[in-house]
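Let me begin by presenting the structure, written as structure tokens, before commenting on it.
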Amino acid sequence: MKFPFGLSVAVKLMASVAAAEAPNQHPIVPPIHQVRHITHVEMAFLQSDIFNHPPPPSYPLFQTVASTRSQFPSSTKIMVAIGGWGDTAGFETAAQTASSRKTWASNVAAMVRTTGADGVDIDWEYPGGNGEHYKTDPNSGKVWEIEAYPLLLAELRAELGTDVLISAAVPGLERDMIAFTNKTMPKIADTLDFINVMTYDLMNRRDNVTKHHTGVRASKDALNAYVARGAPAQKLNLGLAFYVKYFLTETCDAHNPVGCATGPMEDPATGADLGRTGGFSWHDGVSEDVERSFDKALKHGWYMEEGGGGYGFWDEEERRWWTFDVPEVISRKFEQVVDEMGIGGVFAWGLGEDAPKFRNLERVNVEIDKRVALGRDEL
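For reference, each letter of the sequence shown is one residue, going -19 to -1, 1 to 360 in mature numbering (1 follows the signal peptide of the UniProt record, and there is no 0).
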């Protein structure tokens, strides 16, 4: 997914911004008092392949770094995100040899100088396999990427130096953490300033039973998996989802809908979407075909401990499972994940997706204010 503004928060609060002209983008920034805790903004996305070629006269960001900088506190760092879901070809070309890695990293450094960005976020989904086309472009041909990924990051650090920030978006499901091994993770963590763990979309069309797509325990499990592989907890950021997901199911128990069968949701040969799942942000208009069901989810959904904790609702009439974060869940994540693990911060995908009310962002602000009042100006 690509969104206009992404955000990461914690007392490190980070945000991402994506091209306004692209489908489903929401280049909306709330008033300055609501972004007071945002420490980093990531402008998403530049395609990975453009850096395999000589630098262009300008870069196709939806607005300039300077313009974005003017919308946030003066201390906020403005970064450019490279890649995104489905954009793997450019990374694969770049990572292949020492020469190609140097060319790519040098061209990224040129972009940073030209735009005035404070850093870059590397969003390769995913090195080692399990990306968008995993059925037609199998993991067996991507084993080399496991060793090449940290080498590409190291070359980027060599070109950018230590004054420019480098972060990476990394998978939230353990099945996708192919390149993040006990051998590679320490190298990756040493190179990066921080790591954004995408603890959302933890249920997707590759599953066959209902789960919380951004559940509390599932999020904590993801972070612990990186710690176990050698990542310092202080470099990890927890991902929050400022959007809604739904899945069609078989018959479920309305009082305990977690673990209910969904039936196939992707084509077994191609991995293509079979149309049994969908999602939208809080800023999107709700399509007529799900509007009535979503209204029931808003009115009758609840926080359930089953499945590790999360907010959800199963619509018995339409056999539709709804799963999304609400402010209550965000508070639980601060207490049960951020505080207990001592991680570096939180981020959200994405800032404009929470418009127009920004209820989830405001709960993040409240949780940070609490911790600042206790003298915890860093998480």
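Idealized CB from N, CA, C, for every residue including glycine.
Residue i versus residue j - alpha carbon distance
i, j, result
"residue 39", "residue 295", "48 Å"
"residue 339", "residue 328", "14 Å"
"residue 159", "residue 133", "16 Å"
"residue 65", "residue 105", "6 Å"
"residue 9", "residue 193", "27 Å"
"residue 190", "residue 47", "45 Å"
"residue 286", "residue 220", "20 Å"
"residue 201", "residue 323", "11 Å"
"residue -14", "residue 150", "Any reading at residue -14 must be qualified, since the residue scores a pLDDT of 42, below 50, and its modelled position is unreliable; no value is offered."
"residue 331", "residue 234", "32 Å"
"residue 68", "residue 31", "11 Å"
"residue 349", "residue 218", "14 Å"
"residue 280", "residue 116", "39 Å"
"residue 176", "residue 85", "21 Å"
"residue 269", "residue 276", "11 Å"
"residue 123", "residue 137", "21 Å"
"residue 274", "residue 215", "40 Å"
"residue 342", "residue 83", "39 Å"
"residue 278", "residue 333", "22 Å"
"residue 311", "residue 121", "38 Å"
"residue 44", "residue 50", "10 Å"
"residue 196", "residue 243", "18 Å"
"residue 114", "residue 236", "36 Å"
"residue -6", "residue 206", "22 Å"
"residue 241", "residue 356", "44 Å"
"residue 245", "residue 184", "13 Å"
"residue 354", "residue 7", "32 Å"
"residue 72", "residue 313", "36 Å"
"residue 13", "residue 75", "38 Å"
"residue 326", "residue 317", "13 Å"
Residue from the options with nearest C-alpha to residue i
i, options, result
"residue 291", "113, 198, 215, 275", "198"
"residue 15", "347, 352, 353", "347"
"residue 154", "179, 169, 315, 172", "179"
"residue 79", "116, 50, 54, 33", "33"
"residue 188", "257, 52, 325, 269", "257"
"residue 17", "57, 209, 85, 276", "57"
"residue 300", "281, 229, 250", "229"
"residue 55", "70, 71, 20, 72", "20"
"residue 143", "169, 131, 123, 174", "174"
"residue 42", "97, 70, 83, 13", "97"
"residue 36", "355, 297, 95", "95"
"residue 203", "70, 319, 50, 52", "319"
"residue 260", "236, 182, 72", "182"
"residue 283", "239, 244, 243, 53", "239"
"residue 232", "297, 75, 206", "297"
"residue 364", "326, 313, 71, 337", "Here the chain has residues from -19 to 360 only, and residue 364 is not among them."
Those residues which DSSP pairs with residue i across a bridge
i, result
"residue 304", "226, 293"
"residue 283", "293"
"residue 86", "BP columns for residue 86 are empty, so no partner."
"residue 249", "Partner(s): none; residue 249 has no beta bridge."
"residue 27", "63"
"residue 152", "179"
"residue 261", "225"
"residue 101", "61, 147"
"residue 190", "242"
"residue 254", "247"
"residue 217", "176"
Pair within 8 Å by beta-carbon distance, residue i and residue j
i, j, result
"residue 27", "residue 99", "no"
"residue 102", "residue 223", "no"
"residue 126", "residue 112", "no"
"residue 90", "residue 23", "no"
"residue 305", "residue 226", "yes"
"residue 148", "residue 60", "yes"
"residue 288", "residue 303", "no"
"residue 77", "residue 129", "yes"
"residue 63", "residue 29", "yes"
"residue 152", "residue 107", "yes"
"residue 265", "residue 186", "no"
"residue 308", "residue 344", "yes"
"residue 169", "residue 119", "no"
"residue 135", "residue 172", "yes"
Cutoff 8 Å: residue i Cβ touching any chain C Cβ
i, result
"residue 233", "Annotation note: the requested chain C is absent from the structure, which comprises a single protein chain."
- [ ] Decide yes or no for the touch test of the stretch 203 to 219 against the stretch 245 to 264: beta carbon pairs closer than 8 Å, at least 3 of them.
- [x] Remark: fewer than three beta-carbon pairs, one from each stretch, lie closer than 8 Å, so the stretch 203 to 219 and the stretch 245 to 264 are not flagged as touching.
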